[in-house]
Each structure stands twice: as structure tokens, then as C-alpha cells.
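Q: In full-length UniProt numbering, the protein residues as written are 1 to 539.
Glycine included, C-beta positions come from ideal geometry on N, C-alpha and C.
1) What are the residues that DSSP puts in a beta bridge with residue 401?
2) Please report the distance separating the alpha-carbon of residue 354 from that of residue 472.
3) Let me check one thing: in DSSP terms, what residues is residue 3 bridge-paired to?
4) Less than 8 Å between the C-beta atoms of residue 124 and residue 519, yes or no?
5) I need the DSSP call for residue 452, collapsed to helix, strand or coil.
6) Can you check the segment 104-182 for any alpha helix (DSSP H) of at least 4 residues that lies completely inside it and give the ranges in chain order?
7) Output yes or no for whether 8 Å exceeds the beta carbon distance between residue 264 and residue 246.
8) Tell me whether residue 480 sits in a helix, a strand or coil according to DSSP, three-state version.
9) Thinking C-alpha only, which one of 63, 209, 480, 190 is nearest residue 199?
10) Taking all protein chains shown into account, do 16 or more other C-beta atoms lie within 10 angstroms of the C-beta of residue 511, making it buried, or fewer, making it exposed?
11) Measure the beta-carbon distance from residue 69 to residue 88 and round it to whole angstroms, keeping in mind my assumption that it falls under 8 Å.
12) Who are the Cβ neighbours of residue 360 in its own chain at under 8 Å, not counting the five residues just before and after it?
13) From residue 451 to residue 113, what distance separates their C-alpha atoms?
14) Following the continuous beta strand (DSSP E) through residue 372, name the residue where it begins and the one where it ends.
15) Do residue 442 and residue 404 have their beta-carbon atoms positioned less than 8 Å apart in this structure?
16) Round the Cβ separation of residue 215 and residue 192 to the nearest angstrom and send it over; I've been treating them as touching at under 8 Å.
17) Taking only the alpha-carbon atoms, compute the straight-line gap between residue 391 and residue 202 and give it to the nearest angstrom.
18) With DSSP run on the structure shown, which of helix, strand or coil describes residue 311?
19) Does the distance from the C-beta atom of residue 326 to that of residue 286 stay below 8 Å?
20) For residue 316, which residues of its own chain have a beta-carbon under 6 Å away from its beta-carbon, when the five flanking residues on both sides are left out?
21) Considering just the uninterrupted stretch of the alpha helix (DSSP H) at residue 89, what are its terminal residues?
22) Might you give, ordered along the chain, the residues of its own chain that have their beta carbon closer than 7 Å to the beta carbon of residue 585, omitting 5 neighbours on each side?
23) Do the CB positions of residue 368 and residue 437 come within less than 8 Å of each other?
24) Less than 8 Å separating the beta-carbons of residue 18 and residue 55?
25) Could you give the C-beta distance for residue 276 and residue 16, rounded to a whole number, given that I count them as a contact under 8 Å?
26) Does DSSP put residue 204 in a helix, a strand or coil?
27) According to DSSP, simplified to helix, strand and coil, what is residue 357?
28) Can you find the residues in the same chain that come closer than 7 Å, C-beta to C-beta, to residue 311, ignoring five residues on each side of it along the sequence?
29) Going by DSSP in three states, residue 43 sits in which element: helix, strand or coil?
30) Suppose the cutoff is 7 Å on Cβ atoms and the five residues either side in sequence are ignored; what does the same chain contact list for residue 283 look like?
31) On the criterion of 16 or more Cβ atoms from any shown chain inside 10 Å, does residue 41 qualify as buried, or is it exposed?
32) Secondary structure at residue 534, three-state DSSP: helix, strand or coil?
33) Are the beta-carbon atoms of residue 414 and residue 115 separated by less than 8 Å?
34) Exposed or buried, which one is residue 91 when buried takes at least 16 other CB atoms within 10 Å?
35) For residue 504, I'd like the list of residues in its chain whose CB is within less than 7 Å of its CB, leaving aside the five on either flank, ordered along the chain.
36) Which residue or residues does DSSP assign as beta-bridge partners of residue 317?
What follows is the structure, given as C-alpha cells:
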């Protein structure tokens, strides 16, 4: 690695300021005369969202393996398996010429309404910290960097760009920072991404206590802090607050503002130098790993299948599973043909292939006759005729396999869910099919908890399949037919109803702020303390 201090001394003020801001949507600024290359970042966290054009935030992405999302990963409780997945992600980064993959996401599941919960591990800081640490170690073992995100207290999508999260010190430390502290100290991520929101006043991108005093000084973090894309409001204040690298670029006005602040004395050049030192260190560390080549598409697909199978949770089984000697199966639900295997937003992967559940069931039971009814539309409209058709299929079969997934727009970055319910159509469908066919199995594909009290007593079995990744269809067949024994355990509580949830009285906030009034009592801590019954408990 080149001598960073020597390079730093040779840099002009303008070059230093430019290095602290991206050159494009995904790359850093090169300093060619000093041999400082650009590095490329890309979205994660459950795969490589490599945009073909680095100057575009939303251009076509290159094919990569879509692994199960974090909610499924955490339900494996298998840190070794997550390490293997992370190594596979790193191999794809190398092949796709990516230096840093933006993940893992390590925010706590404060409320099941958070539209981005599928990207996060758990309501429990210990489990989340261990999962994130394994992910980071796996990626970085191959010479590719990670970005632990979104630091910190980014627990809702509603007004995420401006909301002020008001959290007391003990709750902040024990619940919302604990998983990050574990990952920083145990796994040493190359970068940490600061969040959009405010925390007890300042924006996270300008939060000196959070980024400098706690992260860098107290925890000993020696990597760089990168902004979430567009999270910086004041570049000079962000540098003073500990945000080393602003993304995306180019931002010539921000660069000039830094130069002028140093010249006027408003910004100590030593603060700028420290940010530059951290950025240079990561740039040259990334440059040590040659990029290019190919990755094993088949092996990674099979790994995604294994993770999906281990993460799925058998919530109910009245003895119907595993399926044996079934001659006629009614496969119902549009997600059997159009699987809902990932969420929306920046984590959306262009998969190398997709296992279609209906086709995988045909492979698993070649002697059986399968029929299909769509059951419900892609949106939340009500179509009673579709239910009637599904009931006809169910009555004439030995078993009904009912695939249920929320509309895609209900679980996505940028939006929170309005409730925890399935759609009106889906609830009516489950009730009608279960009444017509006692041997009904419901397979859920969702990113976080849903309520089931209206219909849970109808089906003979319920399998929580999560957002299962590109190979999830095959994993479902493996579990239904007993090729794999269900072993997943919930990493979050499924409540009986929304009003039972810990943050119910404090979410989504008002007047630009959300008060974390439940304090330490999130997830199972709350239900245990109140001796409150739940639908399905954590673990």
C-alpha cells in the first residue's frame, strides 16, 4: 500500500475537498497525478445491485444472485451460513468490478410497519449484531469492503429524510447502537453509512457525538463514514460532524464550499485531512483486490436455496406436512407463478434466474396432477369471482397449496405499511379455500410480521417463507415434500394485532419528531414485561 501520509502532503486543498465527494453516482474521485484510483460502490445487502452505468442511480443493473433478504437470513440463526453467503456476494462483487457493497442493514425492528424491515435482521440487538458481523467478515475475507448501515435509529421510512428520532441515552446505547457496536468491534467494516434522519436534534450526517465521539473514538472505528445517498445537507457541517465521504457526486458546489471554509478558517484543515486519510486508506485497501472474471452462478443459486430453506419457519402443522402420496394438488395464489422473493427499493436485484414455485412443485411431484388458480390480483382490489374459481380447484384436489404475498408496493424502501393485514381479497381467499379443503397449506412470502387472527384456524399448515430470494421456489418444494426438515426460528415477534405492538402509541410521530417512548421495551422485551399474548413469539 502506498504511503498515505506522503500522498496527503502532496495533495492540494482542492484535491482534498474533491476526494471527500463522489465523482459519480457510484464512484469516488480519482487523483490521477498522485496515482489515487477511483473505487466503485454498489447497493446490497442481499446481493449485488451493480448498475451498468455508474453515472446513473437507476439504470439497468447487471445480473447477480438474489439471496434471501435479512428477515429470512436471521431466521436461520446460522452465522456460518451467512458467512458463506457473504463470501459469495464478494465473489460477485469481484466479477462485477465492485469495491464496496453497501450492507448489511442493521437497524432494529422497532415496529413491524417499517416498509424496509425485510432488509433488517431482528428486534434483538444481540442476534442482529452477530448476523451483521458474520456478513461483514464473509465479504471482507475476499478483499471486498462493506458498509454497515443505516447509522443510526433509522427505524421507519415515513419522513425518513427529516424525522427527528428522540431517544433516551440508555435506550440508544442498549437497543439502537448495540448491534452496530458489536459489528464494528468484531468485524471491522471498511465503511459505516450514516442515516438520513435526525437523532436527538442533529442530522446523523452531521452528528459529532454519534460519528466521532462514539463510533470513531469510543469504538475505535478506523474506516470511513459515508453518507447515505443524498443525506448531506451541509457539507462543511458534515465534515465537522465526522462524515468523511459524501455520495453521490459530482457536487462541485459542495467541493467549493469546503475549500472556502478552510480558507476562511471556518473549517480546520486538520479535520479535512483526517477524512482524506480515511478515504485514501480504504481506496488503496480496495485496490489490492484484482477485479474481473466470473462467478459460479449455479453454486450461488444452490446456496440461496439452502439459506431460504433454513430460514423458512413452520408456524403451524396439523400433521399434513410433509406431503406424501398426493395425487392432485390445487396450487392457488399469483405468487406461485410470480414469486414475491425480494422487496422494493435500492436492494432490488436483477436475478441470474428465478425458481418458480409452481414449476418446482411439478419437479418434486412428477406423478401428481397440478392445477392453478391465480386467487388474487397484484394490487389490493377485490375480485370475488377469482375466489370462486380457487374454491373449485381446491374442492377437486387432495391438497390446496395457497401462496400468499402482499402487493409489492406495501413492502418497499420509502414507504411504511398502513397495517399488518393481508389484503381483503387474500383473507377472504384463505377462509374460503380452507373451508372447502381441510388439507390447505398457506405459504407466506412477506418481509415482516402479518396478522392472522381472522384466518389462522382454517389452514392445516402455515409456512412462513419470507422474501426468499431467487431460489426460494425450490426451497419451498424441499420443505413441503420433506426433502429438508423445517428448522427456521422467528427473529421477530408476530403480534396478535397492530395495537399490541410496542411503538403503537409513538409511531409515526408528529411535528417532525418521533418519540421512542417505549424505551427499552421493543419486541419480545415489551411482550414479556407486560405478559401479553402474541401470535408467534420471537425464537
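A: The short version:
1) The bridge partners DSSP lists for residue 401 are 331, 441.
2) Rounded to the nearest angstrom, the two C-alpha atoms are 8 Å apart.
3) According to DSSP, residue 3 bridges with nothing at all.
4) At the C-beta level, residue 124 and residue 519 stay beyond 8 Å of one another.
5) In the structure shown, residue 452 sits in coil (DSSP, three-state: anything other than H, G, I, E or B).
6) You should have 125-140.
7) Against a cut-off of 8 Å, the Cβ pair of residue 246 and residue 264 comes out as no contact.
8) Under the three-state reduction of DSSP output, residue 480 falls in the helix class.
9) Of 63, 209, 480, 190, the residue nearest in Cα terms is 209.
10) Exposed, because fewer than 16 other Cβ atoms sit within 10 Å of the Cβ of residue 511.
11) About 15 Å; that fails the 8 Å criterion.
12) If we look at residue 360 and ignore the five residues flanking it on each side, its Cβ neighbours are 473, 474, 476, 477.
13) C-alpha separation (whole angstroms): 12 Å.
14) 369-373 is the extent of the beta strand (DSSP E) around residue 372.
15) Result yes, Cβ atoms of residue 404 and residue 442 sit closer than 8 Å.
16) For residue 215 against residue 192, the beta-carbon gap comes to about 6 Å, under 8 Å, which counts as contact.
17) Looking at the two C-alpha atoms, the distance is approximately 56 Å.
18) Correct three-state label for residue 311: helix.
19) Cβ distance not < 8 Å, so residue 326 and residue 286 don't count as in contact.
20) Excluding sequence neighbours, residue 316 sits near 461, 462.
21) 79-95 is the span of the alpha helix (DSSP H), which, as asked, contains residue 89.
22) Here the chain comprises residues numbered 1 to 539, so residue 585 is not present and cannot be evaluated.
23) Contact flag unset, no.
24) In this structure, residue 55 does not lie closer than 8 Å to residue 18 by Cβ.
25) Correct: roughly 5 Å between the Cβ atoms.
26) Taken through DSSP and simplified to helix, strand or coil, residue 204 comes out as helix.
27) In this structure, residue 357 counts as helix in the three-state DSSP scheme.
28) Cβ contact annotation for residue 311 (same chain, cutoff 7 Å, sequence separation greater than five): 68, 72, 73, 75, 76, 466, 488, in chain order.
29) Of the three classes helix, strand and coil, the one that applies to residue 43 here is strand, per DSSP.
30) Once the five neighbours on either side are set aside, the close Cβ partners of residue 283 are 28, 36, 37, 39.
31) Classification for residue 41: buried.
32) Coil.
33) Contact annotation: residue 414 and residue 115 have beta-carbon atoms nearer than 8 Å.
34) Counting Cβ neighbours within 10 Å, residue 91 comes out buried, since at least 16 surround it.
35) Taken in chain order, the residues that qualify are 498.
36) Its beta-bridge partners are 461.
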